[in-house]
Structure formats: C-alpha cells, structure tokens
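Residue numbers (this note's numbering): 6 to 486.
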C-alpha cells in the first residue's frame with residue numbers, strides 16, 4: 006500500500022521551499038522598478054498551498070519505501086512545473102499553457118531550450134526566476150530537501166536514490182542527509198565563485214548572478230538574446246568553460262579534490278575519460294573551424310567552448326556551429342548523445358555508461374576466445390556486477406528507442422526530419438540547441454502546443470534518467486504488497 010498522506014506532507018514541504026526561492030525575484034523586480042506582484046502572488050499561492058498540505062499531514066510518520074520514493078520524485082517535478090509557471094502566467098509575459106509549461110520544465114530540467122523570441126525584453130525579476138528554476142533543478146531539488154528533511158522528521162534515502170542522476174552510488178558520507186548537505190555546499194560554493202569571476206570579468210552583478218546560476222546547473226539560460234556570444238571577453242568565456250567542465254564532473258570527485266584527496270580523483274576512470282574526451286573532441290573541431298577563423302586562439306576557444314557546452318549539456322552559445330559545414334554540424338549533433346559525468350548536474354547518457362558499454366563490448370571478444378575464463382569488468386578499480394551491466398544496457402536501448410519514437414512522432418506532426426531529430430535529441434539529453442530549425446541561434450517558439458507538451462515530457466524523461474518516470478506506467482508498481 007502506498008502511503009499517500011506521507012507523500013502529501015512531502016509535497017507541502019517542497020512547495021514551501023519553492024515559494025521561498027521565488028522571493029529573490031521579487032527583490033530584483035523592486036530594484037529594477039518593475040511590477041513585483043506576479044512573482045509575489047505566485048510565491049504566496051505556492052506557500053499557502055504548501056503549508057496547508059504539510060500541516061494537514063504533519064502527524065504522518067511512515068517510512069518512505071522505494072515505491073513512495075519514485076512517486077514523490079515524479080510528483081515533485083509535476084508540482085514544481087505547475088507552480089513554477091505561475092510567475093509567467095500571472096505576468097502575462099508568456100501566454101498559453103504549453104508555452105509556460107515548456108519554459109518552466111526547460112528550466113527545471115536544465116535543458117535551456119526556450120520559446121522566448123526576445124529575452125532582453127522580459128522583466129528582470131522574471132528572468133531571475135527563470136535562471137533560478139535551472140539552479141533548483143541542477144543538482145536536484147530532492148537532494149536539497151533530503152538535506153533538510155531530517156529537521157522535518159522525514160526520511161530521505163529513497164528520495165535520494167530516485168532523484169540522484171547517474172548509475173553510481175558514490176557517497177561522501179555514510180549518512181544520506183550529510184551527503185546531500187555536502188554536495189550542496191560544493192554547489193553553492195562553486196556558484197558563488199563563478200558569479201564573482203563573471204563580475205570581475207565585466208558582467209553586471211545581475212548578469213553575473215544569473216549566468217552563474219545557469220552555468221553550475223549546466224542549464225544554459227541567459228539574460229541575453231545572443232547567449233554567451235554577447236560577452237566577447239575571452240576571460241568570461243574561459244571562466245564559463247572551466248565552470249561548465251566542473252559542473253559536468255561528478256560532485257563527489259570535486260568534493261574529494263577540494264579535500265586534497267588527489268588519489269581518489271585520479272582513481273575515477275570516468276573523470277579521466279571525460280577530460281581526455283573533451284580535449285580530443287576540441288582538437289578535432291579546431292581544424293574545420295580554423296579554416297574559417299584565422300586567429301588560432303579564437304578558433305581553439307570556439308571549438309573548446311562548443312564541445313564543453315554540448316557535452317556537459319549546458320547549451321550556451323558563442324557561435325553558430327552549423328556555419329562550419331555539415332561535418333561540424335554532425336559532430337555537434339553526435340555530442341548530444343554523450344552527456345557529462347554521473348553525479349554531476351549534466352544530463353545526457355553519461356560517460357560512465359559509455360565507458361561501461363565500451364569496456365564490456367571489448368571484454369566480450371576476449372570471452373569468445375576464452376569461454377571458460379572469468380573476465381571481470383572493472384571501473385574505478387571495482388568490479389561491475391552483472392546487474393549493473395544489464396541496467397546500463399537496458400538504459401541505452403530505452404534511450405535509443407525513445408529517441409527514435411520521439412523523432413518519428415514529431416515527423417508525423419509535420420516537422421522535417423533534421424528538426425525532429427535535433428529537437429528530440431537535445432530535449433532528451435537536456436542540452437538546448439540542436440540541429441535543423443532548433444540550431445544554436447534558433448528557438449522552439451514555432452512548435453505547436455501539442456509538440457511543446459510532448460517535448461516537455463521528453464525533457465522530464467531525460468532529466469530523471471528514464472526509469473523514474475517509466476516505472477510509474479508499469480502495472481506491478483501499483484499493486485499492493
């Protein structure tokens with residue numbers, strides 16, 4: 006039996022937290038002499054309902070099991086999307102349910118795809134809330150709430166398992182709440198440092214804090230129509246590259262690095278593969294770009310920025326990569342299927358899955374030659390069990406099937422094949438830019454309401470690693486124990 010009252014209590018706590026996170030947007034509205042009431046009204050409505058839910062079920066104290074964990078995570082994203090779009094709707098800056106849902110879920114899932122055609126014309130307070138939605142979704146709102154749930158008498162292990170991205174279960178502390186807290190300390194600290202460096206580099210304080218929020222979230226929302234291309238400073242762009250790289254790194258690796266445990270960092274096969282792959286891909290893109298851009302430093306910066314932005318699923322733009330020919334366009338399209346490290350804020354398939362698949366495929370040849378030999382698959386010095394290998398293989402197959410199904414669905418809706426492939430690939434990987442009519446200098450405003458809702462669901466599937474959502478559609482999930 007599913008404990009729905011306990012779920013209601015947790016939904017109430019989440020809504021109170023979301024309401025509190027809306028309030029800084031009110032401050033920016035007042036500072037820029039804008040109407041603060043849309044955001045304030047949304048915060049009040051969200052706060053009231055959250056408190057009603059929480060105190061109505063505050064006496065509930067049942068353990069959260071695995072089924073409740075998956076259901077809570079899925080419902081929390083539905084609630085966050087529903088109430089997160091209120092500032093857009095109440096301000097009348099985004100008209101229509103599908104547009105507001107798409108922009109909100111694009112923020113919360115850190116996809117960065119947008120339906121806005123003139124970002125700079127939007128109210129500053131609303132743009133800050135837009136950036137905040139990405140920061141909330143970056144490391145996962147559940148990871149934050151797990152850190153504070155013990156204070157509310159709510160357990161958190163099943164929530165962390167269902168929400169935490171990637172197939173790894175590395176922890177920096179035996180207690181799950183302490184792990185969540187320490188990961189958020191790293192997240193907040195890096196965001197603050199990133200903001201200060203942007204500010205020192207020439208951004209206004211407002212632009213610096215917005216871009217820091219979306220950089221560490223690997224979200225890619227910008228306050229400028231031209232995205233990062235608006236800031237021509239090499240310093241700002243290199244700062245963005247460094248922090249996108251860090252945001253795409255497993256946060257437990259960063260944590261151990263900050264503690265000076267270099268050996269733990271170097272033991273990570275995924276991190277080493279991640280770093281080498283980004284460098285190699287940047288060199289590959291450098292040659293076709295340098296044929297058009299004569300300045301060697303600028304050509305390398307363009308190639309490095311684009312590779313890091315796409316692989317970490319941030320989606321910032323400093324250049325239109327489709328202008329360098331079909332070869333560069335196809336490479337950038339393939340980068341949508343890479344993803345950052347497990348345990349990072351990045352979306353996508355993740356390097357550890359690619360690494361496991363490649364190593365297992367290579368070892369399969371050895372097993373064919375020596376059928377009686379025991380040839381274990383090792384990652385980070387540890388043996389990978391058959392169950393984990395099966396889980397990864399199933400994930401890769403499901404990911405491919407959803408991509409094909411999504412592209413076919415958009416094609417049936419009347420969109421050309423490159424646009425359909427690009428839109429589904431970038432939404433499923435939570436990147437932002439794609440190919441076709443959703444390239445790096447385009448947006449998603451032209452899609453029909455039905456297509457926007459469909460792509461919003463694709464974004465949510467990708468952000469929650471497929472299984473957390475798909476398991477809810479299985480009959481055995483709802484059967485009583």
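Beta carbons are placed, not taken as given, at the ideal position from N, Cα and C, and that holds for glycine. Predicted model only: the values in this text are computed from it and were never measured.
Whole-angstrom distance between residue j and residue i, CA atom to CA atom
i, j, result
"residue 88", "residue 52", "10 Å"
"residue 427", "residue 318", "14 Å"
"residue 380", "residue 373", "11 Å"
"residue 465", "residue 240", "34 Å"
"residue 440", "residue 96", "32 Å"
"residue 235", "residue 215", "14 Å"
"residue 242", "residue 17", "40 Å"
"residue 238", "residue 211", "17 Å"
"residue 446", "residue 26", "30 Å"
"residue 110", "residue 265", "37 Å"
"residue 72", "residue 476", "9 Å"
"residue 29", "residue 134", "8 Å"
"residue 132", "residue 369", "51 Å"
"residue 442", "residue 337", "15 Å"
"residue 390", "residue 358", "13 Å"
"residue 203", "residue 480", "50 Å"
"residue 101", "residue 420", "21 Å"
"residue 213", "residue 201", "7 Å"
"residue 417", "residue 430", "16 Å"
"residue 289", "residue 387", "32 Å"
"residue 165", "residue 206", "Confidence is the limiting factor: at residue 165 the pLDDT is only 49, short of 50, which leaves the residue's position unreliable, though a coordinate-based value still follows. Straight-line Cα distance between these residues: approximately 37 Å."
"residue 113", "residue 84", "11 Å"
"residue 433", "residue 316", "13 Å"
"residue 282", "residue 32", "42 Å"
"residue 376", "residue 392", "20 Å"
"residue 286", "residue 444", "20 Å"
"residue 49", "residue 189", "26 Å"
"residue 274", "residue 284", "16 Å"
Which residues DSSP lists as bridging residue i, in chain order
i, result
"residue 135", "For residue 135, which the question treats as bridged, DSSP gives no partner whatsoever."
"residue 383", "388"
Chain-order list of residues whose beta-carbon lies under 6 Å from that of residue i (same chain, five-residue window excluded)
i, result
"residue 305", "291"
"residue 103", "454, 457 and 458"
"residue 136", "215, 218, 219 and 226"
"residue 350", "143, 144, 222, 223 and 252"
"residue 371", "380"
Close beta carbons around residue i, own chain, < 8 Å, minus the five adjacent residues each side
i, result
"residue 191", "256, 259, 260 and 263"
"residue 230", "123, 124 and 125"
"residue 272", "385 and 386"
"residue 156", "In this prediction, residue 156 scores a pLDDT of 44, lower than 50, which makes its location untrustworthy; no coordinate-derived value is stated."
Per-residue burial, residue i [other beta carbons within 10 Å of its own, 16 or more giving buried]
i, result
"residue 296", "exposed"
"residue 208", "buried"
"residue 168", "Low confidence applies here, because residue 168 scores a pLDDT of 47, under 50, leaving its location unreliable and the question unanswered by this model."
"residue 478", "exposed"
"residue 139", "buried"
"residue 492", "An answer regarding residue 492 cannot be provided, because it is not within the stretch 6 to 486 covered by the chain."
"residue 363", "exposed"
"residue 328", "exposed"
"residue 158", "For residue 158, the predicted model reports a pLDDT of 45, less than 50, meaning its position is unreliable; a value from the coordinates is still stated below. Exposed, since its Cβ has fewer than 16 Cβ neighbours within 10 Å."
"residue 43", "buried"
"residue 199", "buried"
"residue 301", "exposed"
"residue 410", "exposed"
"residue 249", "buried"
"residue 332", "exposed"
"residue 367", "exposed"
"residue 14", "buried"
Whole-number beta carbon distance between residue j and residue i, since they are thought to touch under 8 Å
i, j, result
"residue 19", "residue 61", "Wrong, their Cβ atoms sit about 14 Å apart, outside the cutoff."
"residue 461", "residue 106", "5 Å"
"residue 468", "residue 352", "6 Å"
"residue 47", "residue 92", "5 Å"
"residue 120", "residue 378", "With a Cβ gap of about 55 Å, residue 120 and residue 378 do not count as contacting."
"residue 474", "residue 79", "6 Å"
"residue 435", "residue 115", "5 Å"
Other residues of its chain near residue i: CB distance less than 7 Å, five sequence neighbours each side excluded
i, result
"residue 307", "294, 298, 323 and 324"
"residue 394", "361, 365 and 382"
"residue 225", "117, 219, 319, 320, 321 and 437"
"residue 246", "309, 310 and 313"
"residue 39", "128, 129 and 130"
"residue 90", "105, 106 and 109"
"residue 21", "52, 55, 56 and 59"
"residue 276", "254, 255, 258, 270 and 346"
"residue 178", "Reliability of the predicted coordinates at residue 178 is poor, the pLDDT of 48 falling under 50, and no value is obtained from them."
"residue 94", "105"
"residue 98", "127, 128 and 131"
"residue 422", "416"
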